[in-house]
Amino acid sequence: MSVKPIRLFGDPVLRTPAEPVRDFDAELRRLVKDLADTMLDAPGLGLAAPQIGVGLRVFTYRVDDGEPGHLVNPSLDLSEQTDEDDEGCLSFPGITYPVPRAHGVIAKGFTMYGEPVTIEGTELLARCIQHETDHLDGILFIDRMDPAQRKQAMKAIRESDWWGDPVPRVKVSPHQTRGLAL
Ligand code: ZN
Numbered sequence: 492m493s494v495k496p497i498r499l500f501g502d503p504v505l506r507t508p509a510e511p512v513r514d515f516d517a518e519l520r521r522l523v524k525d526l527a528d529t530m531l532d533a534p535g536l537g538l539a540a541p542q543i544g545v546g547l548r549v550f551t552y553r554v555d556d557g558e559p560g561h562l563v564n565p566s567l568d569l570s571e572q573t574d575e576d577d578e579g580c581l582s583f584p585g586i587t588y589p590v591p592r593a594h595g596v597i598a599k600g601f602t603m604y605g606e607p608v609t610i611e612g613t614e615l616l617a618r619c620i621q622h623e624t625d626h627l628d629g630i631l632f633i634d635r636m637d638p639a640q641r642k643q644a645m646k647a648i649r650e651s652d653w654w655g656d657p658v659p660r661v662k663v664s665p666h667q668t669r670g671l672a673l
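Per our numbering, the very first residue in the sequence shown carries number 492; after that it's consecutive.
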């Protein structure tokens with residue numbers, strides 16, 4: 492079990508696009524394990540490598556009670572239909588706001604062993620995959636909110652106890668994200 496500190500909004504690593512994985516080696520498998528352990532410990536529904544300070548295109552997810560899934564070097568096809576629902580992020584403790592997302596997604600990528608894999612999901616799984624893939628591009632959920640929601644969210648962020656904290660640290664649950672922390 493290896494739980495890593497989760498980087499919070501304000502840390503530049505969250506705004507840095509991640510590099511594609513080229514070596515499907517033991518180090519990558521350790522990274523996937525660290526992500527899964529940290530995600531389950533938080534607890535959260537998804538976690539992307541930049542959120543633990545690693546600039547590689549990898550994320551883990553767990554939107555039901557099964558084993559955590561992971562995806563390396565994802566590329567997404569999004570449905571035209573969109574949904575708006577509450578969304579949180581482990582890098583923004585306690586901040587939950589409605590975010591519009593595609594209703595469905597087909598995500599193509601690789602397993603940690605380098606095998607091609609396709610994940611199809613709708614609703615929460617689709618939302619999770621879009622949120623985590625955004626992290627790999629340095630895009631955060633506040634960027635996807637409509638301007639009025641973003642203004643409210645930024646106010647709540649500035650008033651939160653963790654904002655401006657220069658030291659990355661793990662936040663203990665509950666995060667008051669209604670189980671939607673990604
Ligand atoms: Zn997030």
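Yeah, the Cβ is synthetic: ideal placement off N, Cα and C, and Gly gets one too.
Could you check what DSSP says for lysine 599 in three-state terms: helix, strand or coil? Strand at lysine 599.
Over the uninterrupted beta strand (DSSP E) stretch that includes histidine 561, give me the two end residues. DSSP places histidine 561 in the uninterrupted beta strand (DSSP E) bounded by 560-569.
For glycine 612, tell me which candidate among Asp568, Asp652, Ser582 and Glu578 has the shortest Cα-Cα distance. Per the Cα distances, Asp568.
Can you tell me where the alpha helix (DSSP H) with proline 638 in it begins and where it stops? Counting along the chain, the alpha helix (DSSP H) containing proline 638 begins and ends at 638-650.
Buried versus exposed, by CB contacts within 10 Å (16 or more), serine 582: Residue environment analysis places serine 582 among the buried positions, since at least 16 neighbouring C-beta atoms fall within 10 angstroms of its C-beta.
My assumption, with CB atoms under 8 angstroms, is that leucine 673 sits in contact with leucine 562. Please give the rounded CB distance. Between leucine 562 and leucine 673 the Cβ distance is about 14 angstroms, and since that is not below 8 angstroms, they are no contact.
Can you name the start and end residues of the alpha helix (DSSP H) that isoleucine 497 belongs to? Bounds of any alpha helix (DSSP H) do not take in isoleucine 497, whose DSSP letter is neither H nor E.
Near arginine 592, what residues of its chain come up, given a Cβ to Cβ distance below 8 angstroms and the 5 sequence neighbours on each side ignored? Cβ neighbours of arginine 592 within its own chain (closer than 8 angstroms, five residues either side excluded): Thr573, Asp574, Glu575, Asp576, Glu578, Ala617, Arg618, Gln621, His622 and Arg635.
Looking at the structure shown, is methionine 610 part of a helix, part of a strand, or coil, going by DSSP? Before going further, note that residue 610 is isoleucine rather than methionine in the sequence given. The answer is strand: DSSP assigns isoleucine 610 an E or B state.
When we look at the beta-carbon of glutamine 643 and count the other beta-carbons within 10 Å, is it buried (16 or more) or exposed? Exposed, by the Cβ-count rule.
Specify the secondary structure class of leucine 631 as computed by DSSP and reduced to three states. It is coil, neither helix nor strand.
Thinking just about the alpha-carbon of each residue, which of Gly501, Arg513 and Asp556 is nearest to the one in glycine 674? The chain is shown only over 492 to 673; residue 674 falls outside these bounds and no answer can be derived.
Regarding phenylalanine 632 and the ligand ZN, is the C-beta to nearest heavy atom distance less than 7 angstroms? Checking the Cβ of phenylalanine 632 against the ligand ZN gives yes.
For the beta strand (DSSP E) containing leucine 547, list its first residue and its last residue. Leucine 547 -> no beta strand (DSSP E), and no H or E assigned at all.
Rounded separation between leucine 547 and threonine 507 - CA only: Each residue's alpha carbon lies about 10 angstroms from the other.
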